[in-house]
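FYI, our numbering numbers position 108 of the sequence shown as 1162, with every residue one higher than the one before it.
The structure under discussion appears below in the form of structure tokens.
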Amino acid sequence: MALRPEPLPFKVWGTHMIDEGTQQQMRSAMRLPIAVAGALMPDAHVGYGLPIGGVLATQNTVIPYAVGVDIACRMMLSVFPESPSLLQSQHERLRKALLNETHFGTGDRWRPHDPNTPDHDVLEEPLWQATPLLRSLRDKAQAQLGTSGTGNHFVEWGSITVSAFDAETGLQPGQYLALLSHSGSRGVGARIAEHFTRVAAALHPTLAQEVRHLAWLDLDSDAGEDYWQSMHLAGAFAQANHHLIHQRVARAGGLEAFFMVENHHNFAWKEPLA
């Protein structure tokens, strides 16, 4: 399938901070016939499909590999009323809370019949029965629920400083103990991404080699609809992971958050472009 002879223009914030390889990766994506708009954020750097910190809008299509293998990876912050001095005075208790209430490592999971294995309503979602792929992933989801994975994923204690009253959050000036996490949909998201990337590639066998990994699915097709609902289920699973991690770690530390915020990436949205 023919690419555009030249990439569409795209917005770049912080051009002087973004290397040529990252910009070239974005230019390649902007040559796709389905591309309509794109942007690079100041922290953009080379990724697997699109640049990390890149945004690509396409016409009524979705690119599984551009969404990524860790679908709906996110960060979540819990803020506690306690002082960060607990990091010293309760160091061992807080350390054990991290070690005991989640799992780290590639493929790591809760062991069968482990009484500490968490549960969550996300496992009762009807979508787990929607397709053969999702049915095959239900047990993996249960085994990896509330785990963190590896790479740049983490759960860590820290502190935040609020310099002035924040009306949106209600936080008063001061220093607060905080818990921050970064992880996603674990093996569930990875299997969904792998499956639909193969499906998309098979639908576009003549796509140029340099962008073959960016093969797409029409959202009106059966495959596109299956991917879309699978992506959203992976998103709900990733969110459940973070909520469980924060609840369990906080409880083990004898704490209760009074403010929480989260946001996800590695995702696709539908919206009109002016």
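In this text, a Cβ means the ideal position worked out from N, Cα and C, and glycines have one as well.
Residue range Pro1118 to Val1121 is occupied by the alpha helix (DSSP H) that includes Val1121. Three or more beta-carbon pairs drawn from the region 1237-1254 and the region 1287-1301 are found closer than 8 Å, and the two stretches are therefore classed as touching. Of Met1285, Gln1301 and Ala1311, the smallest CA-CA separation from Leu1152 is found for Gln1301. Within the region 1127-1161, the complete alpha helix (DSSP H) runs of at least 4 residues fall at 1140-1143 and 1145-1155. For Trp1182, there is no enclosing beta strand (DSSP E), as DSSP marks it with neither H nor E.
Val1133 is positioned such that its CB atom lies closer than 9 Å to that of Ile1214. Taking the CA atoms as reference points, Ile1072 sits about 13 Å from Gly1101.
Ranked by how close their Cα comes to the Cα of Glu1210, the residues Pro1096, Leu1131, Phe1313 and Asn1320 have Leu1131 in first place. For Leu1199, same chain residues with a beta-carbon under 8 Å away, outside a window of 5 residues either side, are Trp1164, Thr1171, Pro1172, Asp1173, His1174, Val1176, Leu1177, Phe1291, Ala1294, Asn1295 and Leu1298 in chain order.
For Ser1190, the secondary structure class from DSSP, reduced to helix, strand or coil, is helix. For the 9 Å CB-CB criterion, Ala1120 and Ala1322 form a contact.
In the structure shown, the three-state DSSP call for Leu1268 is helix. If you check the CB distance, Asp1276 and Thr1115 do not come in under 9 Å. About 7 Å separates the CB atoms of Leu1057 and Leu1086; that is less than 8 Å, so the two are in contact. With respect to Phe1158, Gly1224 sits apart: the two C-beta atoms are not nearer than 9 Å. A direct Cα-to-Cα measurement between Val1265 and Ile1088 gives close to 12 Å.
Per DSSP, Asp1073 is not a residue of any alpha helix (DSSP H), being assigned neither H nor E. By the C-beta density criterion, Gly1068 is exposed, having fewer than 16 other C-beta atoms within 10 angstroms. CA-CA distance, Thr1185 to Asp1280, rounds to 8 Å. Rounded to whole angstroms, the separation of the alpha carbons of Gln1113 and Val1090 is 7 Å. For Trp1211, the secondary structure class from DSSP, reduced to helix, strand or coil, is strand. Beta-bridge partners assigned by DSSP to Tyr1230: Ile1214.
His1207 and Gln1196 have their alpha carbons spaced roughly 19 Å apart. The continuous stretches of beta strand (DSSP E) do not include Leu1057, and DSSP gives it neither H nor E.
Comparing alpha carbon positions, the residue from Asn1320, Gln1263, Leu1327 and Pro1096 closest to Val1123 is Asn1320. Around Val1315, the same chain offers Met1130, Leu1131 and Thr1223 as residues with beta carbons nearer than 8 Å, after the five sequence neighbours per side are excluded.
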